[in-house]
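Peer 1: Numbering (the working numbering), first residue to last: 128 to 576.
No residue lacks a Cβ here, since even glycine has one placed at the ideal position from N, Cα and C.
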Ligand SMILES: Nc1ncnc2c1ncn2[C@@H]1O[C@H](COP(=O)(O)OP(=O)(O)OP(=O)(O)O)[C@@H](O)[C@H]1O
Ligand SMILES: [Mg+2]
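1) Quick check on residue 154: buried or exposed, where buried means 16 or more other Cβ atoms within 10 Å of its Cβ?
2) Could you name the residues of the same chain whose beta carbon sits closer than 7 Å to that of residue 152, not counting the 5 residues immediately before and after it, in chain order?
3) The alpha helix (DSSP H) with residue 312 in it runs from where to where?
4) To the nearest angstrom, report how far apart residue 644 and residue 490 are at their CA atoms.
5) In chain order, what residues of the same chain lie with their CB nearer than 7 Å to the CB of residue 257, ignoring the 5 residues before and after it?
6) From this set, 355, 494, 243, 363, which residue's C-alpha is nearest residue 205's C-alpha?
7) Hey, would you say residue 516 sits closer than 7 Å to residue 477, going by beta carbons?
8) Where does residue 278 sit, in a helix, a strand or coil, going by DSSP?
9) Between the Cα of residue 267 and those of 253, 255, 282, spot the shortest distance and give me the residue it belongs to.
10) Taking the C-alpha atoms as reference points, what is the distance between residue 634 and residue 408?
11) Report whether the distance from the Cβ of residue 373 to the nearest heavy atom of ligand 2 is below 6 Å.
12) For residue 231, count neighbouring Cβ atoms within 10 angstroms of its own Cβ and tell me buried if that reaches 16, exposed if not.
13) Could you say which of 362, 322, 353, 293 lies nearest to residue 431 if we only look at CA atoms?
14) Any residue with its Cβ nearer than 7 Å to a heavy atom of ligand 2 should be included. What is that list in chain order?
15) Is any heavy atom in ligand 1 found nearer than 6 Å to the beta carbon of residue 174?
16) Would you kindly work out how many angstroms separate the C-alpha atoms of residue 481 and residue 508, rounded to a whole number?
17) Thinking just about the alpha-carbon of each residue, which of 341, 340, 317, 337 is nearest to the one in residue 365?
18) If you compare alpha carbons, which of 349, 471, 372, 361 is closest to residue 395?
19) Which residues share a DSSP beta bridge with residue 364?
20) Just to confirm, is the Cβ distance from residue 341 to residue 355 under 7 Å?
21) Taking 6 Å as the cut-off, is the beta-carbon of residue 296 closer than that to any non-hydrogen atom of ligand 1?
22) Confirm the yes/no value for this check: CB of residue 280, any heavy atom of ligand 1, distance under 6 Å.
23) Ordered along the chain, which non-local residues of its own chain (more than five positions away) have a Cβ less than 6 Å from that of residue 442?
24) Is the beta carbon of residue 134 sitting closer than 7 Å to the one on residue 158?
25) Report the rounded CA-to-CA distance for residue 339 versus residue 357, giving the unit in angstroms.
26) Which residues in the same chain have their Cβ closer than 8 Å to the Cβ of residue 222, if we skip the five residues on either side of it in sequence?
27) Using CA atoms only, rank isn't needed, just tell me which of 246, 361, 479 is closest to residue 325.
28) Going by DSSP, what residue range makes up the alpha helix (DSSP H) through residue 250?
29) So the candidates are 337, 439, 411; which of them puts its Cα closest to the Cα of residue 351?
30) Do you know how far the Cα of residue 226 is from the Cα of residue 519?
31) According to DSSP, is residue 519 helix, strand or coil?
32) Quick one: what's got a C-beta closer than 7 Å to residue 562's C-beta in the same chain, skipping five residues either side?
33) Could you pull the start and end residues of the alpha helix (DSSP H) that residue 347 belongs to?
34) Excluding the 5 residues preceding and the 5 following residue 310 in the sequence, name in chain order all residues of the same chain whose CB lies nearer than 8 Å to its CB.
35) Give a single yes or no on whether residue 411 has its beta carbon closer than 6 Å to a heavy atom of ligand 1.
36) Say the cut is 6 Å; is the CB of residue 302 nearer than that to a heavy atom of ligand 1?
Structure (structure tokens):
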């Protein structure tokens, strides 16, 4: 992409000098003699950067700056000030200028500032595009994802929501199982009633039983009154059994009976209660393996698994990362009262490269912490949690099996040296050996060849 730079200055020499050097750097330049002309050019909407003198007849550089910050936010303005008028420059920076240059102009500094300003500009535009995408695609029931994998999940949710079928939602921890369960309920005719959830791993066996089925007065020590269970509360609604893989065998039998016969008794009670409940279960375990091991009943598995929605881990759908990051960035910037324009190239590369064992929950937490750590307007590598930052550009060295320690040592030394581009002190440091030792070894390798 070729950037368009507008130069506004009433001095012909400066205008043309600047234009010439920026054109040499590969930019398109446009020239204006005064603020009025400049603003007219900006109004056309294709300018990426404005360089403006401050003191000019009719409309001053200050006015141009004021107009740009209100009418075209995100368009960077670099101001030029005469020698000795640094106060004006400071004032301009306070009013939103990206940077300033004093005359006579230092062209190296100019090129550097222009480059940085345009990088920032690109980030802002990219971030805006992502935000627009987030809005226009109206993320599915708060679930963000444009990857093919997630589109399949959305299709499944839409198809299964209107029915009464049991659904089993599987996937690693943090992939969004709970979000998917909520979406199914919200899109179903049962959404007029509240979704009832039970986390099956959080309670002991006895407590879970009474939590699910309720109990009669005096059914066990401490059971002072009658209590309705979650199956009863979920009548004409949806019951979400989270972490179903953790359930004790006896309770598995009882749940199976409700699914088959739509009836149960409260703990310590005899009266049979009829319910109309739709069950959705979730687990991060492989239930088929649990069946093989004898931990999970096969008949219950088939009752729950009428429809199966599997959510793939984030590492298998990395296309979703930019949009997720953008959404979390917006959320946490707002929460922390910060203005964050985007993520720089290195930080982005690290986020993409990371494997995300904790999936979207981990990505969300990482962005929250990066926003808190960030001092400027752009998230950099330093703002990311160390575990994520460190995977950035980790080079690996492969050592074949069946060789001696000496041979392996040679491979490790030579490859580290290559990675460090031949810098011996750095290589010695990294390997934890002295420079002299490294030299000696390198001499030995030479002699052997
Ligand atoms: N596609 C997504 N879009 C936006 N946020 C998501 C998405 N997937 C997950 N999240 C967020 O990530 C976090 C973890 O999601 P959730 O609790 O649904 O995961 P889970 O699969 O139930 O994990 P666990 O097995 O540990 O219970 C939540 O804060 C959730 O809002
Ligand atoms: Mg969960």
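Peer 2: Reading from the atomic positions:
1) Classification for residue 154: buried.
2) 238.
3) Counting along the chain, the alpha helix (DSSP H) containing residue 312 begins and ends at 304-313.
4) Residue 644 is absent from the structure shown; the chain starts at 128 and stops at 576.
5) Same-chain partners within the cutoff: 449, 450, 453.
6) For the residues 355, 494, 243, 363, the minimum Cα distance to residue 205 belongs to 243.
7) Judged by beta-carbon spacing, residue 477 lies within the 7 Å limit of residue 516, meaning their Cβ atoms are closer than that value.
8) DSSP, reduced to helix, strand and coil, places residue 278 within a helical segment of the structure shown.
9) Taking each of 253, 255, 282 in turn and checking the Cα distance to residue 267, the smallest one comes out for 282.
10) Nothing in the structure corresponds to residue 634, since the chain is present only between 128 and 576.
11) No, ligand 2 has no heavy atom inside 6 Å of this Cβ.
12) Residue 231 should be labelled exposed.
13) Just measuring C-alpha positions, the residue of 362, 322, 353, 293 sitting nearest residue 431 is 293.
14) With 7 Å as the limit between CB and the heavy atoms of ligand 2, the residues that fall short of it are 304, 305, 369, 409.
15) Residue 174 has its Cβ no nearer than 6 Å to any heavy atom of ligand 1.
16) About 13 Å.
17) It is 317.
18) Ranked by Cα distance from residue 395, the options 349, 471, 372, 361 are led by 349.
19) For residue 364, the pairing in a beta bridge is given by DSSP as 404.
20) Yes, Cβ-Cβ distance for residue 341 and residue 355 is below 7 Å.
21) No, ligand 1 has no heavy atom inside 6 Å of this Cβ.
22) In this structure, the C-beta of residue 280 stays at least 6 Å away from each heavy atom of ligand 1.
23) Cβ within range, chain order: 482, 483.
24) Contact flag set, yes.
25) A straight line joining the alpha-carbon of residue 339 with that of residue 357 spans about 5 Å.
26) Spatial neighbours of residue 222 in its own chain (CB-CB distance under 8 Å, excluding positions within 5 residues in sequence) are listed in chain order as 189, 192, 193, 196.
27) Closest option to residue 325, Cα to Cα, is 361.
28) Its alpha helix (DSSP H) spans residues 234-263.
29) In terms of CA proximity to residue 351, 337 leads the group 337, 439, 411.
30) With a pLDDT of 47 at residue 519, under the threshold of 50, the modelled position of this residue cannot be trusted; read the value that follows with caution. Rounded to whole angstroms, residue 519 and residue 226 show a C-alpha spacing of 31 Å.
31) Bear in mind that a pLDDT of 47 at residue 519, under 50, signals an unreliable position, so the model cannot answer this.
32) Within the same chain, 551, 552, 555 come within 7 Å of residue 562 by CB-CB distance, once the 5 residues on both sides are set aside.
33) Judged by DSSP secondary structure, residue 347 falls outside any alpha helix (DSSP H); it is assigned neither H nor E.
34) Counting only Cβ-Cβ distances below 8 Å, and skipping sequence neighbours, we find 267, 268, 269, 270, 284, 288.
35) Remark: the shortest separation between the CB of residue 411 and any heavy atom of ligand 1 falls under 6 Å.
36) Yes, the beta carbon of residue 302 sits closer than 6 Å to at least one heavy atom of ligand 1.
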